[in-house]
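Per this note's numbering, the very first residue in the sequence shown carries number 51; after that it's consecutive.
Using N, Cα and C, we set each Cβ at its ideal position, and we do this for glycine too.
In this text, all values refer to a predicted model and were calculated from it rather than measured experimentally.
Below is one structure, written out as structure tokens, with a few remarks after it.
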Amino acid sequence: MKEFSDTLGVSNPEHQALLSAYREGISSTEPLWQVLSLFRVAEGVLQMRNARRAAAIAAGQVPAEPAERVPATVDSLRPANDLGLADSLRPHAGRKFTAVLDGLRPILRNAIAHLDPDSRPLSQDHWDDLDKAEQSLPALRWIARQLLDAELRGTAVAA
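Here it is, written out as structure tokens:
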């Protein structure tokens, strides 16, 4: 068995779980699984940030976690409209990543995985869930990548 090669020196079990979920999200051919995997990445990074924020506040420090936003002009992203990226991000232009994810959660994650505690957990998938997933995937993939990259780079700088 070959060990994980951590060339940046940022590996820890939490990061390995994030990297594994990201790999699942970008390598799967199933859009619903891609959405769930990429949501795991985004929510995992945000959960780690919340824990660091709480620890900093408890220690009397000012938390220094970033608050990323979707660019106000999504057409400026390169490569231009890669796999529908600009079209997928356009409805979220200028919004914080957390606001975008909060808006997508009931539409995508809860609908696909039937995780909404106020609905029936044993309901079947719907065709419009697949359509919404496919439309949102480029944006979700980009946001998850930005969060993961910031998490790994932030740890590399602190190490």
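So, is residue i buried or exposed, given that buried needs 16 or more other C-beta atoms within 10 angstroms?
| i | result |
| --- | --- |
| GLN97 | exposed |
| ALA208 | Residue placement at ALA208 is flagged as unreliable, the pLDDT there being 41, under the threshold of 50; a coordinate-derived value is accordingly withheld. |
| ARG73 | exposed |
| GLY110 | exposed |
Between residue i and residue j, what straight-line distance do the alpha-carbon atoms span, to the nearest angstrom?
| i | j | result |
| --- | --- | --- |
| GLU118 | TRP177 | 32 angstroms |
| PHE147 | LEU180 | 22 angstroms |
| ALA114 | ARG99 | 9 angstroms |
| ALA71 | GLY153 | 21 angstroms |
| PRO116 | VAL150 | 15 angstroms |
| ALA183 | ARG140 | 15 angstroms |
| LEU202 | TRP192 | 15 angstroms |
| ARG155 | HIS142 | 14 angstroms |
| HIS65 | GLY204 | 12 angstroms |
| LEU82 | ALA161 | 10 angstroms |
Rounded to the nearest angstrom, how far is the Cβ of residue i from that of residue j, given a contact under 8 angstroms?
| i | j | result |
| --- | --- | --- |
| ARG145 | VAL120 | 6 angstroms |
| ALA92 | ALA194 | 5 angstroms |
| LEU197 | VAL95 | 4 angstroms |
| GLY134 | PRO188 | 5 angstroms |
How do the segment 100-109 and the segment 120-127 stand: do at least 3 beta-carbon pairs fall below 8 angstroms, yes or no? no
Within the segment 63-132, note down every full alpha helix (DSSP H) run reaching 4 residues or more, in order along the chain. 63-77 and 81-108
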